[in-house]
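Notes for the one structure printed next.
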Amino acid sequence: MKWLKFLKSPKGKTTIHQIEVESISIEITRKKIKNIHLRVYPPLATVKISAPLKMDIDAIRTFAVTKLDWIKQHRSRMLGKERESQREFISGESHYFLGKSYVLEILESNEKPSVSINEDKLVLRIKPDISAEERESIVHAWYRAQLKILVPQYFAKWEGVMNVKVNEFGIKKMKTKWGTCNVVKKRIWVNLELAKKSLDCLEYLVVHEMVHLLERSHNHRFVAFMDKFLPDWRVRKAELNRYSVRQDD
Ligand SMILES: [Zn+2]
Numbered sequence: 019m020k021w022l023k024f025l026k027s028p029k030g031k032t033t034i035h036q037i038e039v040e041s042i043s044i045e046i047t048r049k050k051i052k053n054i055h056l057r058v059y060p061p062l063a064t065v066k067i068s069a070p071l072k073m074d075i076d077a078i079r080t081f082a083v084t085k086l087d088w089i090k091q092h093r094s095r096m097l098g099k100e101r102e103s104q105r106e107f108i109s110g111e112s113h114y115f116l117g118k119s120y121v122l123e124i125l126e127s128n129e130k131p132s133v134s135i136n137e138d139k140l141v142l143r144i145k146p147d148i149s150a151e152e153r154e155s156i157v158h159a160w161y162r163a164q165l166k167i168l169v170p171q172y173f174a175k176w177e178g179v180m181n182v183k184v185n186e187f188g189i190k191k192m193k194t195k196w197g198t199c200n201v202v203k204k205r206i207w208v209n210l211e212l213a214k215k216s217l218d219c220l221e222y223l224v225v226h227e228m229v230h231l232l233e234r235s236h237n238h239r240f241v242a243f244m245d246k247f248l249p250d251w252r253v254r255k256a257e258l259n260r261y262s263v264r265q266d267d
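Just so we're aligned, residue 19 is where the sequence shown starts under my numbering, counting upward by one.
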């Protein structure tokens, strides 16, 4: 067990610390509350403890150690579930599209595979005995097709307002970023995962990348453009990153 970070501790104010217990990182927030709370948050099974201000850090650390079995159990259950849900593509699973959750329904069909939305269902028509990987790639191709329709509409909306021009655009899977912008080639990539996010999030990301055509780095000038074009961009950004480790580069 060792200390990683000590962020700030003005007297009587909320303080945040990061500790590590058996290589599990735990974020500790001390604030004006009466009881200590322990939570494990999806999807990455982040462990957080909230504790009263008067409780000293050794006592909190001891508390974490006594709860270690519980923490490990919840983490492995959560991380296991996450892995599973990324793979199966079976009827009854929930899948996101534009910020809404749909129940996947698989129907057998000998026609060309298709994906459609029917009320709260995401309907996948496929030949029987298609593997999970193929089902996934059919849904992903559909996500891609939807983004190919949606994203250029935002380019068209914002190019005039911002007086910029996007020359090239593509969609790809990215592990750590929501999007990228090559300012020389005026080329924007967006992450395929954005198809699962709300239109507000998608528009935020598109505007963010387009602002890079005016300002390369995330400096005060960049923020001023964001404030001007999309005054509620912070809310949209928070929603986009709520359960994610990706960044809006
Ligand atoms: Zn950026």
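No residue lacks a Cβ here, since even glycine has one placed at the ideal position from N, Cα and C.
Candidates the options: closest to residue i by CA position
i	options	result
LEU210	VAL201, LEU168, PRO249 and LYS139	LEU168
ASP267	LEU116, GLU233, GLU177 and LEU248	GLU233
LEU231	SER112, ILE108 and LYS203	LYS203
SER155	ASN128, ASP87 and LYS190	LYS190
GLU129	TYR120, PRO146 and GLU123	PRO146
ILE108	VAL65, ASN185 and LEU125	LEU125
PHE240	MET180, GLY188, PHE173 and HIS35	MET180
TYR7	ALA242, LYS90 and HIS113	Nothing about residue 7 can be reported from this structure: the residues present for the chain run from 19 to 267 only.
LEU62	THR33, VAL83, MET73 and ARG95	ARG95
ILE34	ILE75, PRO60 and LYS90	ILE75
TYR222	LYS166, PHE187 and PHE247	PHE247
THR32	ILE42, THR47 and SER41	THR47
LYS85	PHE187, VAL65, ASN200 and ARG153	VAL65
LYS166	ILE42, HIS236, TRP207 and VAL121	TRP207
GLU186	MET192, CYS199 and GLY178	CYS199
Residue i, enclosing alpha helix (DSSP H) - first and last residue
i	result
ARG239	238-247
TRP284	Examination of residue 284 is not possible in this model, given that the chain is present from 19 through 267 alone.
VAL201	Neither: VAL201 is in no alpha helix (DSSP H) and is coded neither H nor E.
Residue i Cβ short of 8 Å to ligand 1 heavy atom set
i	result
HIS226	yes
ASP267	yes
CYS219	no
HIS238	no
HIS230	yes
Residue j beta carbon less than 9 Å from that of residue i
i	j	result
ALA77	LYS49	no
THR194	ARG264	yes
VAL225	TRP196	no
VAL157	MET228	no
VAL39	ARG93	no
ILE37	ILE44	yes
LEU116	ALA256	no
Endpoints, the beta strand (DSSP E) within which residue i is located
i	result
LYS18	Nothing in the structure corresponds to residue 18, since the chain is present only between 19 and 267.
VAL39	33-39
GLU221	No beta strand (DSSP E) contains GLU221, which is instead part of the alpha helix (DSSP H) from 217-229.
PHE107	Element bounds for PHE107: n/a, residue is neither H nor E.
ALA69	64-70
VAL83	Run containing VAL83: none in the beta strand (DSSP E); it sits in the alpha helix (DSSP H), 75-84.
ASN136	132-136
SER43	42-49
LEU122	118-126
LEU142	139-144
GLU186	186-190
Ligand 2 heavy atom lying under 8 Å from the CB of residue i
i	result
SER112	Ligands displayed in this structure: ligand 1; ligand 2 is not among them.
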